[in-house]
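Student: I have a structure here, written as structure tokens, and I will follow up with some questions on it.
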Amino acid sequence: MTRPPFERSGSGLFLTFEGIDGSGKSTQARRLAESLRAAGHEVVLTREPGGSPGAEQIRALVLEGEPDRWSAETEILLFTAARRDHVERTIQPALAAGKIVISDRFADSTRMYQGQSRGDLRDLVDRLHDLMIGLEPDLTFLIDMDPEIGLSRALSRQTSEERFEAFGADLQARMRAGFLDLARAASDRFVTIAGDADVDTTAAAIRTALAAHLPGRFHG
Ligand code: TYD
Numbered sequence: 005m006t007r008p009p010f011e012r013s014g015s016g017l018f019l020t021f022e023g024i025d026g027s028g029k030s031t032q033a034r035r036l037a038e039s040l041r042a043a044g045h046e047v048v049l050t051r052e053p054g055g056s057p058g059a060e061q062i063r064a065l066v067l068e069g070e071p072d073r074w075s076a077e078t079e080i081l082l083f084t085a086a087r088r089d090h091v092e093r094t095i096q097p098a099l100a101a102g103k104i105v106i107s108d109r110f111a112d113s114t115r116m117y118q119g120q121s122r123g124d125l126r127d128l129v130d131r132l133h134d135l136m137i138g139l140e141p142d143l144t145f146l147i148d149m150d151p152e153i154g155l156s157r158a159l160s161r162q163t164s165e166e167r168f169e170a171f172g173a174d175l176q177a178r179m180r181a182g183f184l185d186l187a188r189a190a191s192d193r194f195v196t197i198a199g200d201a202d203v204d205t206t207a208a209a210i211r212t213a214l215a216a217h218l219p220g221r222f223h224g
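So, in structure tokens, the structure goes:
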């Protein structure tokens, strides 16, 4: 049985994408997966909340329905439960098998959204992470983006999953500032990429940053 927190095993590489809603990080995560696969790497592209059957079920609970359906504390537990299942079933086995895991969002999203959106709960988020998850990415790409543009893109998608988009531009602006602070505080694993360029330019910047930050671990 795996005991918390997780410890890294195997030679895999764990990459995450973070950013505000509509930042284009999902497109960029997919593009990076495609280019690494084309270069011969085994890549698992996954997402949060979700990324395993159980965590996808929790995704529906946290992203659909009334925005104030859960208390802030319950919401932290649900996102962390989803992450625990995702790490157990998807991320950890892939890393142990030496694969590259690319996750569209991970724990930094909980640090931001649950840690900052409804009062200052960051300490609770961090303690729960230490207790139940413990795993950090090798490298995190923060796709930085003007919150107004991000929000209009996110809302134009019109899905039923508008849990956080629904809180508006003010929250998006706070999330952007929070992500930038986080990137500065954990500068050993964060790379901030400007998300307002066209898709190809941003994708090329990400590949260059990956090669520069993890020399020798990556080819292609
Ligand atoms: P995502 O599917 O990445 O949406 P988008 O592509 O619009 O960025 O994420 C869905 C929402 O879930 C997003 O509003 C952020 C939120 N979220 C949290 O609040 N906490 C978390 O821990 C995670 C992983 C996501």
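Take my numbering: the final residue in the sequence shown is number 224, and no numbers are missing along the way.
We put the beta carbon where it would ideally sit given N, CA and C, even for glycine.
1) Taking just the CA atoms, how far does Arg115 sit from Val203?
2) If we count the other Cβ atoms within 10 Å of its Cβ and call it buried at 16 or more, is Gln120 buried or exposed?
3) Of all the options Thr206, Ala190, Ile153, which has the alpha carbon lying nearest to the alpha carbon of Ile197?
4) Whose CA, out of Ser107, Ser160, Leu143, Gly220, lies closest to the CA of Lys29?
5) When every heavy atom of ligand 1 is checked, does at least one fall within less than 8 Å of the C-beta of Leu67?
6) Tell me the residue span of the alpha helix (DSSP H) that contains Arg88.
7) Tell me whether Pro8 counts as near ligand 1, meaning its Cβ is closer than 8 Å to at least one heavy atom of that ligand.
8) Taking 9 Å as the cut-off, decide whether the C-beta atoms of Ala111 and Arg93 are in contact.
9) With respect to 8 Å, is the separation between the Cβ of Gln118 and the closest non-hydrogen atom of ligand 1 below this value?
10) May I ask you to report which of helix, strand or coil DSSP gives Leu139?
11) Less than 8 Å between the CB of Pro151 and some heavy atom of ligand 1, yes or no?
12) Over what stretch of residues does the alpha helix (DSSP H) that includes Glu60 continue unbroken?
13) Does ligand 1 have a heavy atom nearer than 8 Å to the CB of Pro71?
14) According to the Cβ coordinates, are Leu139 and Phe10 closer than 9 Å?
15) Give the secondary structure of Thr94 by DSSP, where H, G and I count as helix, E and B as strand, and everything else as coil.
Tutor: Here's the rundown:
1) Rounded to whole angstroms, the gap between the alpha carbons of Val203 and Arg115 is 27 Å.
2) It counts as buried.
3) Comparing alpha carbon positions, the residue from Thr206, Ala190, Ile153 closest to Ile197 is Thr206.
4) Proximity to Lys29 across Ser107, Ser160, Leu143, Gly220 peaks at Ser107, based on C-alpha coordinates.
5) Yes; taking the cut-off as 8 Å, the Cβ of Leu67 has a heavy atom of ligand 1 nearer than that.
6) Segment 76 to 90, the alpha helix (DSSP H) holding Arg88.
7) In this structure, ligand 1 has no non-hydrogen atom nearer than 8 Å to the beta-carbon of Pro8.
8) Not a contact, by the Cβ cut-off of 9 Å.
9) Within the cutoff, so yes.
10) DSSP places Leu139 outside both helix and strand once states are collapsed to three, so it counts as coil.
11) Result no, Cβ not under 8 Å from ligand 1.
12) Glu60 -> alpha helix (DSSP H) spans 57 to 67.
13) Pro71: no, Cβ never under 8 Å from ligand 1.
14) Contact flag set, yes.
15) Note: Thr94 maps to helix in three-state DSSP.
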